[in-house]
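Which chain is which? The protein sequence lines are A and B, in order. Using the working numbering, the letters of the first sequence map in sequence onto residues 31 to 446. Using the working numbering, the letters of the second sequence map in sequence onto residues 3 to 223. Just so it is clear, CB atoms sit at the ideal spot from N, CA and C, and this is done for glycine as well. Predicted, not measured: the structure shown is a model, and the values here were computed from it. Shown next, in structure tokens, is the structure this report addresses.
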Amino acid sequence: MRALRLWRLAWGELGDPPYKKWGLIFSLAFVGAVSLLLFSLSNGLERLVQRQLVGELPQVVRLEPQRYSLGPLQVDSGLTEQSIETLRRLPGVVALYRQAHLERPALLRAQYGGQSFYSDMLVEAVDDQFFTHLSQELDLSPESLPSAGEIPALLPSGVVETLLAAMSVHTTLPPLSGQLLVGRHFSLEIGRSSFKRDEQPPAQLRCQILAISPLIGVSGPAIPYSVAQKISAQPLRPQALLLFLRDPSYLEGLQPTLQRFHLRAPQVELALEVGQALGWGRLALALFSLLLALCAGVALYSNFSLEVKINARRLALFRALGASRGDLLLIFWWRTLFIGLAGSFLGLVVGLLAGQALNLYGAFKIPLLADSPLFLPTWGSQLWIWPLLNLLCWLFSLWPVWKATCSSAILAPNAE
Amino acid sequence: MAPPLLECRDLSFSYAPKSQAAPLLANFNWRVEAGQFWLLQGYSGSGKTTLLNLVGGLLRPQGGEILFEGRPLPASEGQLARWRQEKVGFIFQDPQLDHQRSVLQNVLLPLYFGAKPLAQGQARALELLEFLGLTPWKQTLAGHLSGGQKQRVAAARALLNNPVLLLADEPLAHLDPPQAQKMIQLLERLQSYSQAAIVMTAHYLPPKLEHPDWQILEVGS
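Okay, here's the thing in structure tokens:
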């Protein structure tokens, strides 16, 4: 009740009503609008750069050991059971699958349009659960799953592209798309190679292509770990991991653990490097915004100091009429609050409108920006404008307002 | 026996307490009973206004104590502000009105700092304006009033909260003798109307303006 009465006093008893403090409101709005614009533009720019350079951040990541060159030799740190278990327990990790090379040679044999194709391949083994995971994710019907005696297999997209290119050059067969290969069969002759025969007796596997994936091996098909283990002469040694994340945002938090275990995620390294570079850009923007805020703060400080000075006698009269220091504090804080709220609201509206106008203009002028707008405000940046500008207003008016509350009531009787 | 309304005991005050100069007030004793009219006389710089500020709680004494109705003045700033609001009214040499506001709005100003309901305060303000003959001007902007009318508005503002002590600092300064006479009449009317004790400071008044019932204190003598 008393606070409301003092609000009425704050509204017009001390010089101009706060809504007439256009200079202060505009300077705060300017800081708010420019900060919102700059941060939202940096968001949009970051997304645009990442899309153009590395595509969207993935949810599934292939991890490889870091390789070191020692003269002509290249060694890698390898993957251990400990590192695999640690990674599995990290926040955001939904699933983790091992990948290993089958050390025996293999020959892939397939037929299409009455013509045979065979080629040396390096067979890769992936954890069995990955196949289950993939079947559920692809929502495969029971009839499209491999029948008894057949082994599910995945083909790396790189191999498929080479295969299809070779077919189009060397045969007259109609071209195939990668997706048409799904559900088709091929045979793997383990132990055979055009280079050298295996010393162990050969084994033949009939495989059905479950999917084409860019995430598994590079030089050959992937089969379940358990099958590969049975035909391998020695225990399989994981050489890569397939990591499924709840959200791509967990990628950044993963980096320290990857570094600890000497692992790398080639797909995301560039994205993170770009993100880090843009992080510096954001810091520069934050400093620029801070500088603007300081300028607005100085204007606020000067204005409030002048107001206190001009109204010294009036404030003294208030004290003589029974106003406590708290009352004077509240009168000024009401004014500060109004200016802060009005400035932040205006800044937000102007910033959003200017940003949307920029998006429209950008989309009209540059087609690339139609899909990836430059002005990309986040809820966070919009919500933070309010407390930040009000805090700024409050901080810079603190000292003059404090001086106002110290106004001595004895100024009043000594008027004239 | 009821304690006096106001009592100063061994009061000391100096604006430069660390200097060797003699203090403005030293071991000063004074009693004001309820309903009395006091005239504090003295030359410029004798300490009249300082004494008024001390008893009004606007300044703190450096020695001695001030008792109001037998109790020391509140120690905390907030309690002192509340006490001042409830018990003391000030009339200044300059009426200090907001010229952009109406007479009624000026009189109501002390209500903003108190807990009294606005309706009750408004009724009291209208009553005071009626008593002071300002009812026809209640909606007039204060800037449009004459000097005497402004002083009456300031008096109404000082009496809004029914103070028991009215402190008037040099209300006759800059007034010609007929205006000073009117001001004194106004103060006497206020006293008989409100039953408040009045303490007024002034330079030496012509004897014809003084009233036989007044208590006179020579400050700085």
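Just to confirm, is the Cβ distance from residue i to residue j under 9 angstroms?
i: residue 364/A; j: residue 41/A; result: yes
i: residue 89/A; j: residue 304/A; result: no
i: residue 65/A; j: residue 152/A; result: no
i: residue 16/B; j: residue 23/B; result: yes
i: residue 94/A; j: residue 403/A; result: no
i: residue 92/B; j: residue 351/A; result: yes
i: residue 63/A; j: residue 381/A; result: yes
i: residue 448/A; j: residue 235/A; result: A query on residue 448/A cannot be resolved here, the shown segment of chain A reaching from 31 to 446 and no further.
i: residue 291/A; j: residue 113/A; result: yes
i: residue 7/B; j: residue 36/B; result: yes
i: residue 77/A; j: residue 272/A; result: no
i: residue 345/A; j: residue 61/A; result: no
i: residue 58/A; j: residue 361/A; result: no
i: residue 12/B; j: residue 67/B; result: yes
i: residue 154/A; j: residue 253/A; result: yes
Please decide whether residue i counts as near chain B, where near means a Cβ-Cβ distance under 9 angstroms.
i: residue 411/A; result: no
i: residue 357/A; result: yes
i: residue 368/A; result: no
i: residue 38/A; result: yes
i: residue 31/A; result: yes
i: residue 56/A; result: no
i: residue 281/A; result: no
i: residue 302/A; result: no
i: residue 35/A; result: yes
On the CB-based measure, 16 or more other CB atoms within 10 Å of its CB, does residue i come out buried or exposed?
i: residue 410/A; result: exposed
i: residue 264/A; result: exposed
i: residue 394/A; result: exposed
i: residue 163/B; result: buried
i: residue 145/A; result: exposed
i: residue 157/A; result: buried
i: residue 218/B; result: exposed
i: residue 95/B; result: buried
i: residue 148/B; result: exposed
i: residue 319/A; result: buried
i: residue 225/A; result: exposed
i: residue 446/A; result: Because the pLDDT of residue 446/A is 40, which lies under 50, any placement of that residue in the model is unreliable, and the number read from its coordinates should be weighed accordingly. The residue is exposed, with fewer than 16 neighbouring Cβ atoms inside 10 Å.
i: residue 396/A; result: exposed
Go to residue i, then tell me how far its beta strand (DSSP E) extends in each direction, as first and last residue.
i: residue 115/B; result: Residue 115/B -> no beta strand (DSSP E), and no H or E assigned at all.
i: residue 65/B; result: 65 to 70
i: residue 41/A; result: First-last for residue 41/A: 32 to 42, but that is the alpha helix (DSSP H), not the beta strand (DSSP E).
i: residue 253/A; result: 252 to 254
i: residue 215/A; result: 215 to 220
i: residue 241/A; result: 233 to 243
i: residue 131/A; result: 123 to 131
i: residue 41/B; result: 39 to 43
i: residue 152/A; result: No beta strand (DSSP E) contains residue 152/A, which DSSP labels as neither H nor E.
Chain A beta carbons: is any one of them nearer than 9 angstroms to that of residue i?
i: residue 122/B; result: no
i: residue 145/B; result: no
i: residue 150/B; result: no
i: residue 87/B; result: yes
i: residue 126/B; result: no
i: residue 111/B; result: yes
i: residue 159/B; result: yes
i: residue 35/B; result: no
i: residue 98/B; result: yes
i: residue 29/B; result: no
So the alpha helix (DSSP H) residue i belongs to, where does it begin and stop?
i: residue 365/A; result: 355 to 395
i: residue 423/A; result: 409 to 435
i: residue 80/B; result: 79 to 89
i: residue 29/B; result: Here residue 29/B belongs to no alpha helix (DSSP H); instead the beta strand (DSSP E) covers 27 to 34.
i: residue 185/B; result: 179 to 196
i: residue 285/A; result: 281 to 290
i: residue 197/A; result: 187 to 200
Any chance the CB of residue i is under 8 angstroms from a heavy atom of the ligand FMN?
i: residue 59/B; result: Questions concerning the ligand FMN fall outside what the structure shown contains, since it holds no ligand whatsoever.
Could you name the residues of chain C that residue i contacts, counting a contact when the two beta carbons are closer than 8 angstroms?
i: residue 84/B; result: This model lacks chain C altogether; the protein chains it does include are A and B.
Inter-stretch contact at 8 angstroms, needing at least 3 Cβ pairs: the segment 362 to 378 of chain A / the segment 92 to 106 of chain B = no
Three or more C-beta pairs closer than 8 angstroms, one from the segment 426 to 434 of chain A and one from the segment 337 to 346 of chain A: is that the case here?
-> yes
Is there contact here, the segment 218 to 238 of chain A with the segment 199 to 210 of chain A, by at least three beta-carbon pairs under 8 angstroms?
-> no
Answer yes if the segment 109 to 120 of chain A comes into contact with the segment 135 to 151 of chain A, meaning at least three C-beta pairs across the two stretches below 8 angstroms, and no otherwise.
-> no
Given 8 angstroms as the limit, is there contact between the segment 41 to 51 of chain B and the segment 199 to 206 of chain B, that is, 3 or more CB pairs closer than that?
-> yes
Inter-stretch contact (C-beta, 8 angstroms, three-pair minimum) for the segment 120 to 134 of chain A and the segment 275 to 285 of chain A | yes
Cβ pair count under 8 angstroms reaching 3, the segment 162 to 181 of chain B against the segment 134 to 143 of chain B | no
Within the chosen definition, does the segment 143 to 160 of chain B reach the segment 177 to 196 of chain B through at least 3 CB pairs nearer than 8 angstroms?
-> yes
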